[in-house]
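K.L.:
When the sequence shown is numbered by this note's numbering, its final residue is 899 and no position is left out of the sequence of numbers. A virtual CB, placed ideally from N, CA and C, is assigned to each residue, including glycine.
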Amino acid sequence: MSLLSLHPRTASVVKPLLSNEGNERDKDVKRKRDERRESARIVIPACVNPQRRERALADPELFLKTYFASDYTRPFGKLHHALIDALVEIAKSGGKQALAAPRGRGKTQIVKGTLAYLVFAGLVRFPVPIGPTTEHARELYEDFRRKVMFNDMLMEDFPEVCAPVKALEGAPQRASKQHIDGAPTRIEWKADRLRLANVPEKYRGPIDYGGVRMEFRGLDASIRGINREGDRPDFVPIDEPDTRESAKSQSQNDDRENAIDKDINGLAGEDCELAQVIITTVQNNYCTSAKYTDPEQKSSWMGKRFGWVEKWPDEWDEEGEGKWHTYIAKRAEDQRAGDRYGRNATQYYLDNREAMEAGGELLADNYKAKTLDDGWLTVHSAWQVVFNTIADTSYEAFCTEYQNQPPETEQIQTLELTHGHVASCKSGLEQGVVPDWAWRVTRGIDMGKVNCWFVDVAWGQDGTGAVIDYGKFTTFGLSK
């Protein structure tokens, strides 16, 4: 081509052709660049219901019930109010709070929902949820991401938060090109951290969510050094600092205490107080949760423990007397006969319900009931669920899991000899009557200063035995 172009006539023809070819190539490059840029442009729709958004942001419980109604189908109880209030108050004012709640009362669900509220209400800018393991913490983080990506009502009322995320269409690599009217949103939406989009003022509501960040950490991994372009964490909710394994290990408890007192406490900047809340259940008397919810050991955490039972009914006696022990015995007898739901025990409860519940107070009275194919309702109250749990496990297990009052001893008791347990082992014999096959009768006693408990056992010559009588004598006046 260069040789041909040396000829004047040839050059006069070739040069325009080359020039046109270059112009077309440049135009094509520019066109494609413009198309890519235009495809990265996003539009923020208007808020569908500003009044609904305003009312919900003013009331965290209304926010949860409005935008996450499927997660909170039951009324909030005293425990839920306390957990939500603690999370919101600490997020607003800073400081520390450690709360122990009964297992199975929805505390993790409260943490998830309230964390979202705190972000949307503009009360926190860089929360870092912490879990006992990295995977547990990841679930708290992923729950927030799912809410933003898939909650249609949030999209309607908070488009400045949700629309930029939806525009990524599950491809985080698109974030670097995303813009609004030419201004980059700087959104990040990664598996381990996120940053909400910058949105021009004319497209957003009264709260600027641009630059809000979130990451997560587990107490089983490194926590130090969370600093993103000068942004540091301002709120750390710790959901269950213990695993079942770590709660039994003094060395692991020490490691987790160091992580909370040193690594987490040092996440904030020099001039900022880090807001920290622990929501947990106490597994034993020396686990991490026990220490931080005990004001005597960690006073700065303002520890408080909630039990499902605030006051036991008058008919409950730990020593083995009362109608509840009869109920426990009947339930065990039903289950040995193949009835897992304890129909006879349930009927006994219904016949004596008023007397059995008198004097008792519960932190929360919500419960799940199941209706069998024949129409039988398995449980009729939260009190029945409480004593079903005690009957099916033990009083000590209930106090640990639901009362945050683990026994002083860590020894597992497989059998507690009470009136109820004895009564549940019925032999079918008439009480107080010695059977014809009896070869010997023995009496076991537990002598006390007030009562003397006894049990009579009839023995056959082959070594088998059966309880034929039990009870107590009064023994006033005895010395040690």
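Please list, in chain order, all residues of the same chain as residue 616 whose beta carbon is under 6 Å from its beta carbon, the five residues on each side excluded.
P.N.:
583, 604, 606
K.L.:
Given this structure, state the Cα-to-Cα distance separating residue 630 from residue 511, to the nearest angstrom.
P.N.:
Each residue's Cα considered, the two are about 19 Å apart.
K.L.:
Measuring only the C-alpha atoms, how far is residue 639 from residue 657?
P.N.:
Just so you know, the alpha carbons of residue 639 and residue 657 end up roughly 13 Å apart.
K.L.:
So, residue 749 versus residue 771, is the Cβ gap smaller than 7 Å?
P.N.:
Cβ distance not < 7 Å, so residue 749 and residue 771 don't count as in contact.
K.L.:
Using 7 Å as the threshold, is the C-beta distance between residue 967 and residue 783 below it?
P.N.:
Look at the range of the chain in this structure, 420 to 899, and you will see that residue 967 is not part of it.
K.L.:
Suppose you measure from the CA of residue 637 to the CA of residue 807; what does that come to, to the nearest Å?
P.N.:
35 Å
K.L.:
Note down the Cα distance separating residue 795 from residue 761, rounded to an integer number of angstroms.
P.N.:
11 Å
K.L.:
At what residues does the beta strand (DSSP E) containing residue 886 begin and finish?
P.N.:
Residues 884-893.
K.L.:
Nearest to residue 814 by CA position, among 628, 728, 864, is which residue?
P.N.:
728
K.L.:
Assign residue 519 to one of three DSSP states: helix, strand, or coil.
P.N.:
strand
K.L.:
Can you grab the Cα-Cα spacing for the pair residue 891 / residue 848, in whole Å?
P.N.:
20 Å
K.L.:
How is the alpha helix (DSSP H) around residue 753 delimited, first residue to last?
P.N.:
742-755
K.L.:
Please go through the same chain and pick out, in chain order, the residues whose beta-carbon is closer than 6 Å to the beta-carbon of residue 566, but skip the five residues on each side of it.
P.N.:
535
K.L.:
Measuring alpha carbon to alpha carbon, tell me which of 701, 755, 743 ends up nearest residue 774.
P.N.:
743
K.L.:
Can you give me the start and stop residues for the beta strand (DSSP E) that residue 863 sits inside?
P.N.:
859-866
K.L.:
Are at least three pairs of beta-carbons, each pair with one atom in the segment 873-884 and one in the segment 849-864, less than 8 Å apart?
P.N.:
Under the 8 Å Cβ criterion, the segment 873-884 counts as touching the segment 849-864, having at least three qualifying pairs.
K.L.:
What residue from 860, 868, 888 has the CA that sits closest to residue 878's CA?
P.N.:
860
K.L.:
DSSP three-state label for residue 796, please.
P.N.:
strand
K.L.:
Can you tell me which of 597, 601, 602 puts its alpha carbon nearest to the alpha carbon of residue 608?
P.N.:
597
K.L.:
Following the continuous beta strand (DSSP E) through residue 703, name the residue where it begins and the one where it ends.
P.N.:
Where residue 703 is concerned, there is no enclosing beta strand (DSSP E), given that its DSSP letter is neither H nor E.
K.L.:
How would you call residue 543, buried or exposed, if buried means at least 16 neighbouring beta carbons within 10 angstroms?
P.N.:
Buried, by the Cβ-count rule.
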